[in-house]
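For reference, the structure is listed below as structure tokens.
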Amino acid sequence: MGKPPVWKSSLIILFNSIFEYDYTQCVSGLITNKYLHIVGILYAVPDLITNSLAKRCILETPLCRYIPEHEVYTINTQLPSGCEPIDKMLGGGFESGVITQIFGEAGSGKTNICLQLAVQCVRNGKKAVLIDTEAISPERFRQIAGEDAKEIAQNIIIYEPHDFEEQYAAVHEVEKICSENIGLIIVDSATSFYRFGLDDDETSIRNRRELANQIGYLHALARKYGLVVVITNQVYSDVNSGSHLPIGGTSLEHISKTIIQLERMESRAGKRRAKLWKHRSRPEGEICEFTITGEGIR
Ligand code: GTP
Ligand code: MG
């Protein structure tokens, strides 16, 4: 609570186009109300808005959603990755306030996207947290970050857990710094330690519960602090369909509000395909192609 409001002039246009009246004035009144929240559509808390015209405006607008005060913490926005095809597929970028899951086979580009997002987050003036379970290449980071790699790296907080317990500790540790201008949390990969325990039934069940617990905790942080949270996930080959499916169970699927699948395109070097599996406000099944280049993903 208590973060300053973000205002987009397009909202005035939106209000004016919906209502017969000129609501510019009443919406302008809302700008100064610190409980105005924008999530592509407008979220607001009528209880806290004293201006009666403004209140009516919110309650009557079909594009506005009422959310109770206790659920309101921050302003939701999008973080563009700088990879145009992916950002376009996502309607602008990676949504804050929710978990985005990227899954795909080895080498499909998950880590590349994560690194580029972290760089973009810092360029946008916020810090990024990276929970790295797979030893990310510093050289690849330098290539993606470019000339100012050193300064950008200073704004990326890295945790390197070595097992599932340390991953749990890292996830819980992050909340201590969430209020310190953090814009992004990445867990790459969220399921590598989980995968190690899959052979044993008992460990597998326990780990599945634990994984859901960790991602649930991150989901709460995303909502509470308005963070972009991205987790990467590995795949298994489904024997019946022959396709690659995400591991981690259905609870991981439920809690991820955006799910992107990545695929290699063998015939074309560096080319990858991204498919939108799940999204709250975009058509599912949408596909785009992107390229892994020396400087990042394009
Ligand atoms: P796992 O972590 O193994 O599951 O893979 P991932 O999905 O995270 O893949 P990652 O993002 O690490 O992408 C690896 C791919 O990027 C490999 O196929 C590399 O060849 C490719 N790659 C890395 N650097 C470059 C580059 O400079 N140019 C091109 N064309 N490809 C690159
Ligand atoms: Mg990777």
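Under our numbering, read the sequence shown as residues 41 to 338, first letter to last. Glycine included, every Cβ here is placed at the ideal spot set by N, Cα and C.
Legend entry - Minimum C-alpha distance to GLN254 - residue among LEU316, ILE171, ARG182, ASP127: Mapped onto the sequence shown, residue 254 falls at position 214. The candidate whose alpha carbon is nearest that of GLN254 is ILE171.
Inset, instruction - Drop a sphere of 10 angstroms on the beta-carbon of ASN221, count the other beta-carbons inside from all chains shown, and report buried for 16 or more, exposed for fewer. - result: Within the sequence shown, residue 221 is the residue found at index 181, counting from 1. Flag for ASN221 reads exposed.
Legend entry - Residues surrounding the ligand MG [beta-carbon distance to nearest heavy atom under 7 Å]: LYS150, THR151, GLU174, ASP228, SER229, THR272
Legend entry - Cβ neighbours of VAL269 in the same chain (closer than 6 Å, five flanking residues each side left out): Residue mapping note: residue 269 aligns to position 229 of the sequence shown, counting from 1. The answer, listed in chain order, is ILE139, ILE225, LEU258, ALA262.
Legend entry - Neighbourhood of GLU335 by C-beta distance below 8 Å, restricted to the same chain and skipping five residues each side: Position 295 of the sequence shown, counted from the start, is the residue given in the question as residue 335. Result list for GLU335: GLN183, ILE184, GLY186, in chain order.
Inset, instruction - Rounded to whole angstroms, what's the CA-CA distance from THR117 to ILE245? Just pull it up for me. - result: Working through the sequence shown from its first residue, we reach residue 117 at position 77. Working through the sequence shown from its first residue, we reach residue 245 at position 205. Spanning the two alpha carbons is a distance of roughly 35 Å.
Inset, instruction - Determine the closest residue to ARG312 out of LEU238, TYR265, GLY133, GLU145, with distance taken between C-alpha atoms. - result: Translated into the one-based positions of the sequence shown, residue 312 becomes position 272. Ranking LEU238, TYR265, GLY133, GLU145 by Cα distance to ARG312 puts GLU145 first.
Inset, instruction - Express the C-alpha separation of LEU157 and PRO120 in angstroms, rounding to a whole number. - result: Within the sequence shown, residue 120 is the residue found at index 80, counting from 1. Within the sequence shown, residue 157 is the residue found at index 117, counting from 1. Cα to Cα, the separation comes out at about 7 Å.
Inset, instruction - Compare the C-alpha of LEU251 against each of ILE337, GLU179, THR290 and name the closest. - result: Numbered from 1 along the sequence shown, position 211 holds the residue referred to as residue 251. For the set ILE337, GLU179, THR290, the Cα lying nearest the Cα of LEU251 is the one of THR290.
Inset, instruction - Buried or exposed for GLN207, please, with buried defined as at least 16 other CB atoms from any protein chain shown within 10 angstroms of its CB. - result: The residue given as residue 207 occupies position 167 in the sequence shown. A buried status is given to GLN207, since no fewer than 16 other beta-carbon atoms sit within 10 Å of its beta-carbon.
Inset, instruction - Would you identify the three-state DSSP class for GLY2, choosing helix, strand or coil? - result: As displayed, the chain neither begins before 41 nor continues past 338, which places residue 2 out of reach and without an answer.
Legend entry - Where ARG248 falls, given that 16 or more other Cβ within 10 Å makes a residue buried: Along the sequence shown, one-based indexing puts residue 248 at 208. By the neighbour-count rule (16 or more Cβ atoms within 10 Å), ARG248 is buried.
Inset, instruction - May I ask whether a heavy atom of the ligand GTP can be found less than 6 Å away from the beta carbon of GLY147? - result: Sequence index remark: in the sequence shown, residue 147 carries index 107 (1-based). Yes - the ligand GTP has a heavy atom lying nearer than 6 Å to the Cβ of GLY147.
Inset, instruction - Give every residue of the same chain whose Cβ lies closer than 8 Å to the Cβ of GLU164, excluding the five residues on either side of it in the sequence, and list them in chain order. - result: The sequence position of residue 164 within the sequence shown is 124, counting from 1. Looking at the sequence provided, one finds Asn at residue 164 rather than Glu. These residues qualify, in order along the chain: LEU119, GLY223.
Legend entry - Pair within 7 Å by beta-carbon distance, ILE287 and GLN274: Your numbering for residue 287 matches position 247 in the sequence shown. Your numbering for residue 274 matches position 234 in the sequence shown. Yes, they are a contact pair.
Inset, instruction - Starting from ASP228, follow its DSSP beta bridges and name the residues at the other end. - result: Numbered from 1 along the sequence shown, position 188 holds the residue referred to as residue 228. DSSP output for ASP228 lists ASP172 as bridge partner(s).
Inset, instruction - Compute the Euclidean distance between the alpha carbons of ALA209 and ILE271, then round it to the nearest angstrom. - result: Here the question's residue 209 lines up with position 169 in the sequence shown. Here the question's residue 271 lines up with position 231 in the sequence shown. So the two alpha carbons sit approximately 16 Å from each other.
Inset, instruction - Please classify THR333: is it buried, with 16 or more other beta-carbons within 10 angstroms of its beta-carbon, or exposed? - result: Here residue 333 refers to the residue found at position 293 when the sequence shown is read from its first residue. Looking at its Cβ environment, which holds fewer than 16 other Cβ atoms inside 10 Å, THR333 is exposed.
Legend entry - Three-way DSSP call (helix, strand, coil) for GLU306 in this model: Counting from 1 along the sequence shown, the entry for residue 306 is found at position 266. DSSP places GLU306 in coil when its eight states are reduced to three.
Legend entry - For VAL268: DSSP bridge partner residues: Translated into the one-based positions of the sequence shown, residue 268 becomes position 228. Answer is LEU224.
Inset, instruction - Check the DSSP bridge columns for ARG312 and list the partner residues they point to. - result: Sequence index remark: in the sequence shown, residue 312 carries index 272 (1-based). DSSP lists ARG304, PHE330 as partners of ARG312.
Legend entry - Between the CA atoms of GLY132 and ILE126 - distance to the nearest angstrom: As a first step, residue 126 is located in the sequence shown; it is residue number 86 there, counting from the start. As a first step, residue 132 is located in the sequence shown; it is residue number 92 there, counting from the start. Rounded to whole angstroms, ILE126 and GLY132 show a C-alpha spacing of 8 Å.
Legend entry - Beta-carbon proximity check, LEU413 vs GLY149, cutoff 7 Å: For the chain, the structure presents residues 41 to 338; residue 413 sits outside this window and is missing.
Inset, instruction - Inspect the beta-carbon positions of GLN385 and ILE299 and report whether they are closer than 7 Å. - result: The structure shown does not extend to residue 385, since the chain spans only 41 to 338, so no value can be given for it.
Inset, instruction - Consider the C-beta atom of ASN332 and the heavy atoms of the ligand GTP; say whether any pair is separated by less than 6 Å. - result: Here residue 332 refers to the residue found at position 292 of the sequence shown. At residue 332 the sequence reads Ile, which differs from the Asn that was named. Flag set: Cβ of ILE332 near the ligand GTP.
Inset, instruction - Would you list the one or two residues that DSSP bridges to PRO286? - result: To locate residue 286, count along the sequence shown from 1; it is residue 246. VAL275.
Legend entry - Test item: CB-CB of THR151 and ASP240 under 7 Å: As a first step, residue 151 must be located in the sequence shown, where it is residue number 111. As a first step, residue 240 must be located in the sequence shown, where it is residue number 200. Taking 7 Å as the Cβ cut-off, THR151 and ASP240 do not qualify as a contacting pair.
Legend entry - Between the CA atoms of GLY147 and GLU135 - distance to the nearest angstrom: On the sequence shown, position 95 is the one that residue 135 refers to. On the sequence shown, position 107 is the one that residue 147 refers to. Between GLU135 and GLY147, the C-alpha separation is close to 24 Å.
Inset, instruction - Would you kindly work out how many angstroms separate the C-alpha atoms of PHE330 and GLU213, rounded to a whole number? - result: One-based indexing of the sequence shown puts residue 330 at position 290. One-based indexing of the sequence shown puts residue 213 at position 173. Between PHE330 and GLU213, the C-alpha separation is close to 34 Å.
Inset, instruction - For ALA175, count neighbouring Cβ atoms within 10 angstroms of its own Cβ and tell me buried if that reaches 16, exposed if not. - result: As a first step, residue 175 is located in the sequence shown; it is residue number 135 there, counting from the start. So ALA175 ends up on the exposed side.
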